[in-house]
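> Numbering-wise, our numbering comes out as the position in the sequence shown, counting from 1, plus 1124.
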Amino acid sequence: MKNDNDDALLAKRQARSRTLTDNDFAALQLAIDHAGRSDRAKRNPKLHWSEDFGWLEAGLSAAYSCQWDALQLKIDEITPCFIVDPDEALAIPLTRHNHGEHQAAQLVKQMLALGVSRYHPDPVAAIADASKARR
């Protein structure tokens, strides 16, 4: 059964898709490709991101999954791809309840400053590569 939250989530996703850059599209495709080769996909051969969802949903799901694994996140932490506005997230006073959001927002700021998409499947590796390229 559809509810108001479904409509709000759909509206957010549609707005996000209108603001994606070419770099974001490339990172989402990289995440889809990477997720398809992951151990999780090998354990579940029926998992094929772009057949189960539309391309954008597949990319967002793959980015989330890859980032979660690459960053070895804990249950109270979130992936950088979930941070829409890092400055807004960092403006909220730090508490023990939003520490994970602050960490993700700081990572997004680093990524964006180096020209790395917030959807890159391996944020730390992408930051390292972009930093080396700038030297």
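All C-beta atoms in this analysis are idealised placements derived from N, C-alpha and C, irrespective of residue type, glycine included.
When you compare only the Cα positions, how much space is there between Cys1190 and Lys1256?
Mapped onto the sequence shown, residue 1190 falls at position 66. Mapped onto the sequence shown, residue 1256 falls at position 132. Cys1190 and Lys1256: Cα-Cα distance of roughly 22 Å.
> Report yes if the CB atom of Val1240 is closer than 8 Å to the CB atom of Ala1250, and no otherwise.
Start at 1 with the first residue of the sequence shown, and residue 1240 comes out as number 116. Start at 1 with the first residue of the sequence shown, and residue 1250 comes out as number 126. Contact flag set, yes.
> Ignore the nearest five residues each way along the sequence and tell me which others in His1244's own chain have a CB closer than 6 Å to its CB.
Here the question's residue 1244 lines up with position 120 in the sequence shown. Ala1151, Ala1250.
> Could you tell me the alpha carbon to alpha carbon distance between Ala1254 and His1158, rounded to whole angstroms?
Looking up residue 1254 in the sequence shown gives position 130. Looking up residue 1158 in the sequence shown gives position 34. Ala1254 and His1158: Cα-Cα distance of roughly 19 Å.
> Look at the alpha carbon of Leu1144 and the alpha carbon of Val1208, and state the distance between them as a whole number of angstroms.
Locating residue 1144 in the sequence shown gives position 20, where the first residue counts as 1. Locating residue 1208 in the sequence shown gives position 84, where the first residue counts as 1. So the alpha carbons of these two residues sit roughly 11 Å apart.
> Along the alpha helix (DSSP H) that carries Ser1185, what are the first and last residues, could you check?
Walking along the sequence shown from the start, residue 1185 turns up at place 61. Ser1185 -> alpha helix (DSSP H) spans 1179-1195.
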